[in-house]
Amino acid sequence: MDAKTLSANFEAREKAATELRALTEEHAGKDMDATAREKETQLLDAIADYDGRVKRGVEAIKASESVSSLMAGLKGTGSKRETQDKLAEAATQLRSLGLYEAATFAPEKRAVVDTNTGKNVIPRTLFGQLLAEAVERSTVMRNGAAILTTSGGESIDFTVVTGRASAGIVAENANIPESTPNTVQRSVGAYKYAYASVVSTEFVQDQALDLVGFLVGDAGPALGHGMGEHFLTGTGTGQPKGIVRAAPAATATYQVGAKDTTVSDALIDLFYELPSSYRGNAVFVVSDKTAALMRKLKDANGQYLWQSALVAGAPDTFNGKNVATDVAMPDDKVLFADLSRYKVRLAGPLRVERSVDAKFTTDQIVYRFIQRADGLLVDERSAKVLTVTPKP
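FYI, my numbering numbers position 206 of the sequence shown as 206, with every residue one higher than the one before it.
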């Protein structure tokens, strides 16, 4: 998408938003009839469509700039050139793997959090590229979960905070009573996530083809979807315990089919159930169906509580807080949490093995990717889950 098309989509979006504001003002303080409600839905859908087009357009322009920057780096020296050398070395290693041999790719020893955005920043080695693909597919990791890498997979104990401590007034020369947070001991282990990628022998042998890029693009999303679903809704039995299962239940709720005002009031109540020290970094995590409902909610002045982001990579917001959607999120749950209090443990290096036996008759090569991981909510005060009650 070029700049002219991007501008046209933005103008169309603004026109739809203006019509929506006029419709809202016309029906301020009174219920919309069926015709007005249908028009509102059409305008909201149009705005959402234009939002998507604008975001994709901005991302396309940025991607073009990134490619130009990368090509400049290939011709120069420094960190970009060093990254390309490392990826070329990884490709050579993957191509030269013999039967029953394995290669391991460990994470770099460097900061993985952007101090300005709080988001995870992944180094661009093979391990880093694959992890970046996985993070992009995991709502929990993408929105600030603390990522811990360890050399082995032994269980690690963590002190999980379930209640806060408090201070009190003490008389002069009196004993100071002990006051510690309520805690429990829990451990994280290492569940094995694996994926097999199949490529032709010719693809592997052709030095001009980007073997690392292909394998990362194939295995990364698969591993990310598997881990991401468990970090969000995992049961804790034979898989990581997801934050939705670990978070305390909220008092706030609403019933299926409830009026918009009832739903918005419940979501605002959920917002204030989280202690203020966690609200600043908290996000809503919902299903697409719930997000569609939230887009239509208004405040007492008739203003929409949902605000669409027009900056590439920026999230939409509800009542001023970021909203993330995930296909694994149940329709009857709304999570509001500071996801940085969920700890993701990546145990050991990424292991890659090559086999020609499984696809011998078709002359194909199988690369097997194995990464061990687990997750744990280390502070239960940082998250609340609203459950929608069914109709009686």
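Note that the Cβ used here is the ideal one computed from N, Cα and C, for glycine as well.
- Shown here for Ser382: same chain residues with a beta carbon closer than 7 Å to its own, the five before and five after excluded, namely Tyr278, Ala337, Asp338 and Arg341 in chain order.
- Here Lys343 is near Gly375, since their CB atoms are less than 8 Å apart.
- The alpha-carbon separation between Ala292 and Glu273 amounts to approximately 23 Å.
- For Gly224, the enclosing alpha helix (DSSP H) stretches over residues Leu211 to Thr233.
- Here the region 359–366 does not lie against the region 256–271, with fewer than 3 beta-carbon pairs under 8 Å apart.
- In the assembly as shown, Ser151 is an exposed residue. Its beta-carbon has fewer than 16 other beta-carbons within 10 Å.
- Setting aside the 5 residues that flank it on each side, Asp299 is surrounded in the same chain by Leu305, each with a C-beta closer than 7 Å to its C-beta; the list follows chain order.
- Distance from Val212 to Lys391 at the Cβ level is roughly 52 Å; contact not present, criterion being Cβ atoms closer than 8 Å.
- In the DSSP assignment, Arg142 falls within the alpha helix (DSSP H) that extends over Thr139 to Arg142.
- In the structure shown, Ser382 adopts helical secondary structure according to DSSP, grouped into three states.
- Here Ala12 carries a helix assignment [DSSP, helix/strand/coil].
- Counting of Cβ neighbours within 10 angstroms places Thr139 among the buried residues, the total reaching 16 or more.
- Closest in C-alpha terms to Leu44, from the list Thr35, Thr325 and Ala17, comes Ala17.
- Look at Lys30 here: in three-state DSSP terms it is coil, with no helix or strand label.
- The three-state reading of DSSP puts Arg368 in strand, counting E and B together.
- Taking all protein chains in view, the Cβ of Gln371 is crowded by 16 or more other Cβ atoms within 10 Å, so the residue is classified as buried.
- Apart from sequence neighbours up to five positions away, the residues of its chain that approach Gly217 with a beta-carbon distance below 8 Å are Glu133, ordered along the chain.
- Annotation: the region 239–317 contains the following complete segments of the beta strand (DSSP E) (minimum length 3 residues), in chain order: 283–286.
- Between the alpha carbons of Ile243 and Thr41 lies a gap of roughly 33 Å.
- Within the same chain, and ignoring the five residues on either side of Ala219 in sequence, the residues whose Cβ sits closer than 7 Å to its Cβ are Leu130, Tyr195, Ser197 and Phe369.
- Contact annotation: Ile169 and Arg345 have beta-carbon atoms that are not nearer than 8 Å.
- The three-state secondary structure of Asp49, taken from DSSP, is helix.
- Judged by DSSP secondary structure, Phe336 falls within the beta strand (DSSP E) whose first and last residues are Lys333 to Ala337.
- Excluding its 5 nearest sequence neighbours in each direction, Glu136 has C-beta neighbours in its own chain below 7 Å: Arg142 and Gly224, listed in chain order.
- The C-beta separation of Val388 from Asp332 comes to about 4 Å, placing the pair in contact by the 8 Å criterion.
- Gly236 and Ala314 have their C-alpha atoms some 31 Å from each other.
- Restricting attention to Asp357, Lys359 and Tyr367, the CA atom closest to the CA of Arg351 is found in Tyr367.
- Around Ser308, the same chain offers Ile47, Ala48, Asp51 and Asp316 as residues with beta carbons nearer than 8 Å, after the five sequence neighbours per side are excluded.
- Note on geometry: alpha-carbon atoms of Thr251 and Lys4 lie some 49 Å from one another.
- Shown here for Glu229: same chain residues with a beta carbon closer than 7 Å to its own, the five before and five after excluded, namely Ala328 in chain order.
- With contacts defined by Cβ atoms closer than 8 Å, Lys241 and Ala282 do not form a contacting pair.
- Contact between Ala347 and Ala324 is ruled out by a C-beta separation of about 26 Å, above the 8 Å threshold.
- Between the alpha carbons of Asn319 and Ile176 lies a gap of roughly 42 Å.
- The Cβ-Cβ distance between Ala12 and Leu23 does not fall below 8 Å.
- The shortest CA-to-CA distance from Leu270 to any of Lys259, Gly189, Thr183 and Val334 is the one to Val334.
- The beta-bridge partner set that DSSP reports for Phe158 consists of Arg186.
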